[in-house]
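Chains as they are written, first to last, in my numbering: chain P, 77 to 383; chain E, 77 to 383.
Note that the Cβ used here is the ideal one computed from N, Cα and C, for glycine as well.
Remarks on the structure that follows.
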């Protein structure tokens with residue numbers, strides 16, 4: 077079933093030990109929708125500037141992603157410049173030019189309103205909440221956030237968490253949000269804020285799914301998915317959003333979101349995150365095939381399963 | 077089949093956020109042999125001082141560990157004092173008194189010489205090599221080391237690696253040993269130094285087994301075992317040695333060391349490491365039952381398996 081995603085569509089200039097790219101297509105909603113598009117229909121809500129042209133549009137079209145919710149505004153698109161020269165796990169930001177994104181007011185096309193799945197990518201929690209409220213009939217809502225909103229926009233973020241089924245954040249973020257260094261206790265605290273499930277991304281160590289865990293269960297309400305040990309991470313930009321796209325895209329493709337479907341979704345998340353890192357920007361996701369995805373899913377199984 | 081282990085038997089004073097213990101029984105060979113003793117017969121080679129008494133001896137006896145290779149020397153036993161107040165993943169060392177360990181000359185009892193499995197715990201690589209050379213008929217040799225030997229005793233350590241079947245070290249150590257920050261490349265480089273298999277321990281994120289991996293295989297020659305998400309880590313001291321004990325103890329208990337046995341051994345390693353952290357020092361390992369181990373093994377499977 078169709079997913080509507082709201083988030084950024086941007087241009088990124090990226091430098092990693094593998095090289096440098098200027099103004100490649102990026103943004104959380106871009107990575108998310110490309111990754112999710114291998115599993116289900118995806119509809120994007122975003123804003124771009126006049127620099128977003130036919131070439132960028134074609135990237136979405138090639139994956140049959142619905143871009144009617146991408147508003148064209150006067151000015152330039154969101155631009156981010158960052159490098160990973162010292163640490164592939166953490167970007168050093170050199171520039172963040174919000175441009176048209178500064179005045180972003182998400183508008184939900186009428187045609188999107190029958191979407192049963194909603195993904196709130198990392199944007200201002202006030203906007204996340206507004207979109208969520210305007211789509212009361214969705215079946216499952218997942219979302220992302222980041223340290224900036226956790227630290228300085230906590231009240232608004234807490235309102236978003238109340239309306240989320242699934243929150244996907246990284247280790248540092250869950251500890252910051254909960255104010256607890258212990259991952260399990262932090263996860264319990266975050267689940268108490270509203271989300272029914274929490275996916276904590278550990279970068280090269282994979283990800284953990286927590287859902288309504290009772291401390292006495294000693295982990296039975298957890299599930300750990302691996303990341304692929306990679307000989308070369310060309311560009312980690314968008315890996316988390318690609319994880320989210322694979323995870324939520326797979327869930328949305330299933331008739332029921334059973335615990336078993338959640339576990340497989342964690343694997344598909346890892347699979348899509350691993351592909352995203354293999355080339356700069358969205359290059360790898362653009363060229364990907366469903367066959368490659370399925371083969372890598374099998375690899376993830378071999379990497380973790382006893383028999 | 078029986079394992080002979082050479083390493084430290086010590087007293088540790090430990091402070092963690094959960095409290096403080098003075099002079100509890102510790103040392104790599106102690107944790108290793110307690111953990112391995114649940115799977116197979118274990119024989120220890122070590123040296124202790126006059127402070128090692130009936131109470132400590134009883135801990136080994138209760139697990140039917142052969143201590144005839146533990147030499148009693150005049151003086152005090154190896155003593156370590158450390159804390160984990162800021163970071164449960166890394167001990168801050170306050171004191172290391174080698175005492176009788178400074179002049180340790182491992183002597184292999186004749187009765188140990190039919191051991192088919194040998195574990196070289198973290199000691200001077202010159203001594204590791206000597207013990208390994210004196211037991212030419214063992215079937216499988218595994219070993220551990222640490223940053224100190226990697227940095228300042230590299231030549232001696234490289235000699236040890238040539239004679240190892242399995243090296244078990246942590247993330248930081250494999251990167252330091254290989255001089256490469258990428259885990260997969262670092263693992264390849266270490267495997268080229270001699271070991272047929274490498275187990276890299278990632279602390280709370282589990283561990284990865286690399287064996288003769290071809291870069292083109294994209295991880296098919298890897299296996300990732302989880303660690304148990306724990307609500308409270310009482311004391312991480314000895315978790316790595318307990319992992320090694322569970323891993324190698326299980327391998328030694330099997331008629332053949334097949335790839336499937338290696339994968340299960342990775343799980344048993346994680347299981348024993350998780351128990352070790354639940355109480356101070358060796359308290360948890362002393363009270364453990366095989367039933368608890370098997371139950372936790374099932375939990376590890378549920379934590380990672382799709383079906």
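### Query
Fully enclosed by the segment 298-375 of chain P, which beta strand (DSSP E) runs are 3 residues long or longer?
Counting only runs of 3 or more, we get 298-301.
### Task
Quick one: residues in its chain with C-beta nearer than 7 Å to the C-beta of residue 255 (chain E), no 5 flanking neighbours on either side, listed in chain order?
Spatial neighbours of residue 255 (chain E) in its own chain (CB-CB distance under 7 Å, excluding positions within 5 residues in sequence) are not present.
### Query
Could you give the distance in angstroms between the alpha-carbon of residue 365 (chain E) and the alpha-carbon of residue 104 (chain E)?
Looking at the two C-alpha atoms, the distance is approximately 21 Å.
#### Entry: residue 160 (chain E), buried or exposed, once every other Cβ within 10 Å from all chains shown has been counted against 16
By the 10 Å Cβ count, residue 160 (chain E) comes out buried.
### Query
Does residue 296 (chain E) have its Cβ less than 9 Å from a Cβ in chain P?
Here the model assigns residue 296 (chain E) a pLDDT of 45, short of 50, so the residue's position is not dependable, and the following value carries that caveat. At least one chain P Cβ lies under 9 Å of residue 296 (chain E).
### From P:113, P:89 and P:106, residue whose alpha carbon lies closest to that of residue 78 (chain P)
Of the listed residues, the one whose Cα sits closest to residue 78 (chain P) is P:113.
### Task
Measuring alpha carbon to alpha carbon, tell me which of E:310, E:339, E:241 and E:332 ends up nearest residue 297 (chain E).
Answer by Cα proximity: E:339.
#### Entry: Cross-chain neighbours of residue 262 (chain P) in chain E, by beta carbon under 7 Å
Those do not exist, as residue 262 (chain P) stays about 10 Å from chain E at its closest Cβ, beyond 7 Å.
### Task
Tell me the start and end of each unbroken beta strand (DSSP E) in the segment 252-291 of chain P that is at least 3 residues and wholly inside, in chain order.
Runs of the beta strand (DSSP E) lying entirely within the segment 252-291 of chain P and spanning at least 3 residues, in chain order: 273-277 and 283-287.
### Task
Pull up the CB-CB distance for residue 266 (chain P) and residue 274 (chain P), whole angstroms please, since I reckon it's below 8 Å.
Contact flag correct, Cβ pair sits at about 5 Å.
### With 16 other Cβ atoms within 10 Å as the buried cut-off, status of residue 187 (chain E)
Counting Cβ neighbours within 10 Å, residue 187 (chain E) comes out exposed, since fewer than 16 surround it.
### Task
Go ahead and label residue 80 (chain P) buried or exposed: buried means 16 or more other beta carbons lie within 10 angstroms of its beta carbon, across all protein chains shown.
Buried is the call here.
### Query
Counting only beta-carbon atoms, is residue 91 (chain P) nearer than 9 Å to chain E?
No, residue 91 (chain P) lies away from the interface with chain E (no Cβ there is under 9 Å from its Cβ).
### Query
Whose C-alpha, out of E:204, E:318, E:380 and E:317, is nearest the C-alpha of residue 302 (chain E)?
Nearest of E:204, E:318, E:380 and E:317 to residue 302 (chain E), Cα basis: E:380.
### Query
Which two residues bound the contiguous alpha helix (DSSP H) that contains residue 108 (chain E)?
Residue 108 (chain E) -> alpha helix (DSSP H) spans 104-112.
### Proximal residues, the segment 316-345 of chain P versus chain E, C-beta separation under 8 Å
Residues of the segment 316-345 of chain P with a C-beta atom less than 8 Å from some C-beta of chain E are 336, 339, 340 and 343, listed in chain order.
### Query
At a Cβ threshold of 9 Å, is residue 380 (chain P) touching chain E?
By this cut-off, residue 380 (chain P) is an interface position.
### Task
Pull up the CB-CB distance for residue 283 (chain E) and residue 345 (chain E), whole angstroms please, since I reckon it's below 8 Å.
Confirmed, about 7 Å.
### Task
Would you kindly check if the distance between the Cβ of residue 217 (chain P) and the Cβ of residue 190 (chain P) is under 9 Å?
For residue 190 (chain P) and residue 217 (chain P), no; Cβs fall outside 9 Å.
### Query
Any Cβ of chain E within less than 9 Å of the Cβ of residue 166 (chain P)?
Taking 9 Å as the CB threshold, residue 166 (chain P) stays off the interface with chain E.
### Message
On a Cα-Cα basis, can you pick out the residue from E:354, E:238 and E:305 that is closest to residue 209 (chain E)?
### Response
Of all alpha-carbon atoms in E:354, E:238 and E:305, the one lying nearest the alpha-carbon of residue 209 (chain E) is that of E:238.
### Inter-stretch contact at 8 Å, needing at least 3 Cβ pairs: the segment 328-335 of chain E / the segment 95-104 of chain E
Output reads no: the segment 95-104 of chain E does not touch the segment 328-335 of chain E.
### Message
Determine, for residue 355 (chain P), whether the minimum Cβ-Cβ distance to residues of chain E falls below 9 Å.
### Response
It does not: the Cβ of residue 355 (chain P) has no partner Cβ on chain E nearer than 9 Å.
#### Entry: DSSP state of residue 115 (chain P) mapped onto helix, strand, coil
It is coil, neither helix nor strand.
### Query
How is residue 126 (chain P) classed by DSSP in three states: helix, strand or coil?
In the displayed model, residue 126 (chain P) falls within coil according to three-state DSSP, outside both helix and strand.
### Neighbourhood of residue 211 (chain P) by C-beta, 6 Å cutoff - its chain only, sequence neighbours within 5 removed
Scanning its chain for C-beta atoms nearer than 6 Å, with the 5 sequence neighbours on each side dropped, one finds around residue 211 (chain P) the residues 194, in chain order.
### Task
For residue 179 (chain E), name the three-state secondary structure that DSSP assigns.
In the three-state reduction of the DSSP assignment, residue 179 (chain E) falls in the helix class.
### Message
Using a 10 Å radius around the Cβ and a threshold of 16 neighbouring Cβ atoms, would you call residue 288 (chain E) buried or exposed?
### Response
Its Cβ having fewer than 16 others within 10 Å, residue 288 (chain E) is exposed.
### Task
Alpha carbon to alpha carbon, how far is residue 109 (chain E) from residue 118 (chain E)? Give it in angstroms, no decimals.
Between the alpha carbons of residue 118 (chain E) and residue 109 (chain E) lies a gap of roughly 6 Å.
### Query
Which value, in whole angstroms, describes the spacing of the CA atoms of residue 352 (chain P) and residue 311 (chain P)?
The straight-line gap separating the alpha-carbon atoms of residue 352 (chain P) and residue 311 (chain P) is approximately 8 Å.
### Message
Taking a contact to mean a Cβ-Cβ separation below 9 Å, would you say residue 139 (chain P) touches residue 362 (chain P) in this structure?
### Response
Yes, Cβ-Cβ distance for residue 139 (chain P) and residue 362 (chain P) is below 9 Å.
### Query
For residue 393 (chain P) and chain E, any beta-carbon pair shorter than 9 Å?
Residue 393 (chain P) lies beyond the range of chain P shown here (77 to 383); nothing can be said about it.
### Query
Taking only beta-carbon atoms, is residue 291 (chain P) less than 9 Å away from chain E?
At residue 291 (chain P), the pLDDT of 48 sits below 50, so the modelled position is not reliable; the number obtained from the coordinates is stated separately. With its beta carbon less than 9 Å from one in chain E, residue 291 (chain P) belongs to the interface.
### chain P residues whose Cβ lies nearer than 7 Å to that of residue 377 (chain E)
Per Cβ cutoff of 7 Å: 382.
#### Entry: residue 278 (chain E), buried or exposed, once every other Cβ within 10 Å from all chains shown has been counted against 16
Residue 278 (chain E) is buried by the Cβ-count criterion.
### Query
For the candidate residues P:244, P:360 and P:257, whose alpha-carbon lies nearest to that of residue 324 (chain P)?
When C-alpha distances from residue 324 (chain P) are compared across P:244, P:360 and P:257, the shortest belongs to P:244.
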